[in-house]
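Novice: Sharing a structure here in structure tokens format.
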Amino acid sequence: MFQLLPWTFAVDTVHFWVHYGLVCLGFLLGVITILVQLAKPAPYGKFDQGNNESWGFTINQRLGHILSDATPGVLLFLLVFFLYGTERQYTNYVFLGLWQAHYIHRGIIHPLVMRYSKAQVPLGITLGGLIPNCIFSFLCADWISSARYPDKYYYDPRFIIGLLLFVSGYVTNKWADIKLRSLRKQKGTDGEGSNGYYIPSGGLFELVACPNYFGELVEWLGWAVGTWSLSGLAWMLFGCATFIPRAAHTRKWLV
Numbered sequence: 077m078f079q080l081l082p083w084t085f086a087v088d089t090v091h092f093w094v095h096y097g098l099v100c101l102g103f104l105l106g107v108i109t110i111l112v113q114l115a116k117p118a119p120y121g122k123f124d125q126g127n128n129e130s131w132g133f134t135i136n137q138r139l140g141h142i143l144s145d146a147t148p149g150v151l152l153f154l155l156v157f158f159l160y161g162t163e164r165q166y167t168n169y170v171f172l173g174l175w176q177a178h179y180i181h182r183g184i185i186h187p188l189v190m191r192y193s194k195a196q197v198p199l200g201i202t203l204g205g206l207i208p209n210c211i212f213s214f215l216c217a218d219w220i221s222s223a224r225y226p227d228k229y230y231y232d233p234r235f236i237i238g239l240l241l242f243v244s245g246y247v248t249n250k251w252a253d254i255k256l257r258s259l260r261k262q263k264g265t266d267g268e269g270s271n272g273y274y275i276p277s278g279g280l281f282e283l284v285a286c287p288n289y290f291g292e293l294v295e296w297l298g299w300a301v302g303t304w305s306l307s308g309l310a311w312m313l314f315g316c317a318t319f320i321p322r323a324a325h326t327r328k329w330l331v
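Under my numbering, the first residue of the sequence shown is numbered 77, with each subsequent residue one higher.
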């Protein structure tokens, strides 16, 4: 039951080296990201001090968010899966659905309903999200559209545990997002403005600094376990390199 999945692309050496070369790049990006983020959080959101000229000219924040998340997470992922993928089994489609559920919300719905603290964002910040998202969206789509999972893999503990983790993280992430948005909306109706930052409370907000980050990390842990892939592991670790330092900075900001 716990047989290792074959290292796919065995008959296509170019595909093999492209895929695993990018996986190695993904691990390297994770190391670089955590070192940079521990030193100083990326200057967006609550950490935007307004002196970001070095990050380039600004664009609409809503547009920047959609470009950095939806373009790779939705569009690129679908193109790779349907144009270059070779496997069309039940399991492959389940993973496709999970990824799209996350990124349709994260890259399209969330930016459209979010109350941003600032209307503009430096282009460099958008590109800083777009580039790694393109790399990892390609990798994860490439894997799940090419991996031949064992028959009835949906009975495998890896698939079951991964699916449960992903769904739990998804629900947690969305709950935290709704909580934060409703708090900002409530503050706005109280006459205090709706674009500032407010300290939430209740539920997981009493246990961790950023339940929205925590939920997303649980999602990607589930993805890594369920897909049982190095690309999934690299993506999960990159998420840790991004969210854990930012959550630590947020905790300091809160206290």
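Beta carbons: idealized from backbone N, C-alpha and C, even for Gly.
1. Between the C-alpha atoms of Ile320 and Phe314, what's the straight-line distance to the nearest angstrom?
2. Taking the alpha carbon of Ile220 as the reference point, which residue from Val90, Trp299 and Trp131 has its own alpha carbon closest?
3. With a threshold of 16 other CB atoms inside 10 Å of the CB of Gly269, please say whether the residue is buried or exposed.
4. With C-beta atoms as the reference, is Pro198 less than 8 Å away from Trp131?
5. Give the DSSP-derived three-state secondary structure of Val197 in the structure shown.
6. Could you spell out the range, first to last residue, of the alpha helix (DSSP H) harbouring Thr109?
7. In angstroms, rounded to a whole number, what distance separates the CA positions of His178 and Tyr246?
8. Thinking C-beta only, is Asn136 closer than 8 Å to Gln176?
9. Who does Asn136 pair with in a DSSP beta bridge?
10. If you drop the 5 nearest sequence neighbours on each side, which residues of the same chain put their C-beta closer than 8 Å to that of Leu152?
Specialist: Working from what's here:
1. 10 Å
2. Trp299
3. Here Gly269 scores only 45 on pLDDT, less than 50, and its place in the model should not be relied on; the value that follows carries that caveat. By the 10 Å Cβ count, Gly269 comes out exposed.
4. yes
5. DSSP places Val197 in strand when its eight states are reduced to three.
6. Thr89 to Ala115
7. 7 Å
8. no
9. Gln196
10. Cys210, Ser213, Phe214 and Ala217
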